[in-house]
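K.L.:
Have a look at this one.
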Amino acid sequence: MTDNKIKTGSQQGWGLIFACWLIAMAALFGSLFFSEVMGLKPCVLCWWQRIFIYPLAVLFLVGMLPLDRSVVRYTLPLAVIGLGFAIYHYLVYSGFIPESLQPCSEDLSCADINLELMGFVTIPMLSIFAYSAIIALLLIFRKRFFQ
Amino acid sequence: MKKNIIVVATAILFVVLFVVAAFVYNNQKDKELSNASLAKAEHVQRDYSPKTGPLDAKVTIVEFFDPACGTCSAFYPLVKQLMNDNPGKVNLVLRYLPLHQNSDVVVSIFEAARLQNRFWETLERAYQTREAWIEHHVSRPEKLWEQLGGLGLDMEKLNEDLRSAEIARRVKQDMLDAQQLNVSKTPGFFVNGKPLIHFGYEQLKQLVESEVAANY
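So, in structure tokens, the structure goes:
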């Protein structure tokens, strides 16, 4: 009985990390679907966002088998930086940041909208959603189960 | 451990979902592409385009090309071979899709040469001397100009004609049609109005042969 308690205790919060991993995996496969299957070329800003989401899929996986609570320390900074790029991309997309200020090569503009799901969901929006959800879950995890 | 199983199963699920989605998407895309070009048949061929091969051939290859495109140059003899392999049955229509910088000027030179009945000679010369007039994927029409000796071209007339409004209009129309037909890369092939969806020589050969079989 005591044994069991300790065991469940040590696994507390596993679901939160698992949820984070699901989001990161969805983002990984989703972005690969856009570029490799649909043939939408990723622009520079898309690549920056990929750089910070792909390792999360690996880190969460390693961090939950078995659960290592300090995974939050390694993943949260990546997610926050990624969210920064996602928000920046969204602003370029929606025109708040003028074309001349964006760090993209001329042949592939980051401001070109080449996909709108259901008429309004764009790729940077999906990216913001994924990063924000991961950050929210990690913050909950940190508050409840870390330290 | 139960959690291991959940995680492994989820990972497998992601991969399977990805493969299935890719398969479904590609299938649908193929169907859309062939339906789209059948519906847009008038964009595939225009009367003004250069044509070669027997006039009464029942199979027509339409090729959207860019003279600065290496694959177009490599395909030119292959397409000729396909025509020779099916004597009297296949002809070829060329259409312009000058995607490389300055290639629009190069195709205007071809059109101007066509007014002097030297279209195919000029095209072949351009393909043969590619290295002389293409620099870092940018066309240098002035360098191509130097390669056009010995073809019997009246260069003065050529220089005048290539600026004609009619030529500009044709090139523009070709590019608009390519856009309508979703041709964004060169060479873009159509055989009797059917698009070559999966690019490759074998695929093109099969498409031509199936059209020959269907029409003769």
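So the protein sequences, as listed, match chains A and B.
Under my numbering, the very last position in the first sequence is 147; numbers go up by exactly one each time.
Under my numbering, the very last position in the second sequence is 1216; numbers go up by exactly one each time.
A virtual CB, placed ideally from N, CA and C, is assigned to each residue, including glycine.
1. For residue 1171/B and residue 1059/B, which I take to be in contact (beta-carbon distance under 8 Å), what is that distance rounded to the nearest angstrom?
2. Where does residue 1095/B sit, in a helix, a strand or coil, going by DSSP?
3. According to the neighbour-count rule (16 or more other Cβ atoms, all chains shown, within 10 Å of its Cβ), is residue 1216/B buried or exposed?
4. Measuring only between beta-carbons, confirm whether residue 1003/B sits less than 8 Å from chain C.
5. Taking all protein chains shown into account, decide if residue 38/A is buried (16 or more other Cβ within 10 angstroms of its Cβ) or exposed.
6. Under a CB-based cut-off of 8 Å, is residue 22/A close to chain B?
7. List in chain order: all unbroken alpha helix (DSSP H) runs of 4+ residues lying wholly within the stretch 1119-1172 of chain B.
8. Is the distance from the Cβ of residue 134/A to the Cβ of residue 87/A below 8 Å?
9. How would you list, in chain order, the residues of chain B whose beta-carbon sits under 9 Å from the beta-carbon of residue 33/A?
10. Whole angstroms is fine: what's the gap from residue 70/A's alpha carbon to residue 116/A's?
11. Drop a sphere of 10 angstroms on the beta-carbon of residue 1078/B, count the other beta-carbons inside from all chains shown, and report buried for 16 or more, exposed for fewer.
12. Please report whether the beta-carbon of residue 1064/B lies at a distance below 8 Å from any beta-carbon of chain A.
13. Is there at least one Cβ from chain A nearer than 8 Å to residue 968/B's Cβ?
14. Taking 8 Å as the threshold, find out whether the stretch 1106-1117 of chain B comes into contact with the stretch 1150-1160 of chain B through three or more Cβ pairs.
15. Under the rule that 16 or more other beta-carbon atoms within 10 Å means buried, what is residue 51/A, buried or exposed?
16. With DSSP as the reference, label residue 1063/B as helix, strand or coil.
17. Buried or exposed for residue 93/A, going by 16 or more other Cβ atoms inside 10 Å?
18. DSSP on residue 1031/B, reduced to helix/strand/coil?
19. Confirm, please, whether the CB-CB distance from residue 67/A to residue 17/A is below 8 Å.
20. Hey, residue 33/A and residue 1014/B: beta-carbon distance below 8 Å or not?
21. Which partner residues does residue 1188/B have in the DSSP bridge list?
22. CA-CA distance, residue 73/A and residue 26/A?
23. What alpha helix (DSSP H) runs, 4 residues minimum, are completely inside the stretch 60-99 of chain A?
24. Residue 24/A: buried (16+ other C-beta within 10 angstroms of its C-beta) or exposed?
25. Name the two residues that bound the continuous alpha helix (DSSP H) containing residue 1054/B.
26. Whose CA, out of 1204/B, 1178/B, 1200/B, lies closest to the CA of residue 1036/B?
27. The alpha helix (DSSP H) that contains residue 132/A, what's its start and end?
28. Are the CB atoms of residue 1130/B and residue 1151/B nearer to each other than 8 Å?
29. Determine, using beta carbons only, whether residue 44/A comes closer than 8 Å to chain B.
30. Which residue comes first and which comes last in the alpha helix (DSSP H) that contains residue 35/A?
31. With residue 1141/B and residue 1105/B assumed to form a contact (beta carbons below 8 Å), what rounded beta-carbon distance in angstroms separates them?
P.N.:
The structure says:
1. That belief does not hold up - the Cβ atoms of residue 1171/B and residue 1059/B are roughly 26 Å apart, past 8 Å.
2. strand
3. exposed
4. Although the question refers to chain C, the structure presented lacks it and instead comprises the protein chains A and B.
5. exposed
6. yes
7. 1119-1128, 1130-1133, 1141-1146, 1155-1161
8. Taking 8 Å as the cut-off, the Cβ atoms of residue 134/A and residue 87/A do not count as close.
9. Result: 1018, 1021, 1022, 1025.
10. 37 Å
11. exposed
12. no
13. Only positions 1001 to 1216 of chain B appear in the structure, and residue 968/B is not among them; the question remains open.
14. Enough Cβ pairs lie closer than 8 Å, so yes.
15. exposed
16. strand
17. Using a 10 angstroms sphere on the CB of residue 93/A, the tally of other CB atoms reaches 16 or more, which defines it as buried.
18. Note: residue 1031/B maps to helix in three-state DSSP.
19. yes
20. no
21. 1064/B
22. 22 Å
23. 71-94
24. buried
25. Unbroken run through residue 1054/B: none, as it is neither H nor E.
26. 1178/B
27. For residue 132/A, the enclosing alpha helix (DSSP H) covers residues 123-145.
28. No; because the gap between Cβ atoms is not below 8 Å, this pair is not in contact.
29. no
30. Per DSSP, residue 35/A is not a residue of any alpha helix (DSSP H), being assigned neither H nor E.
31. 4 Å
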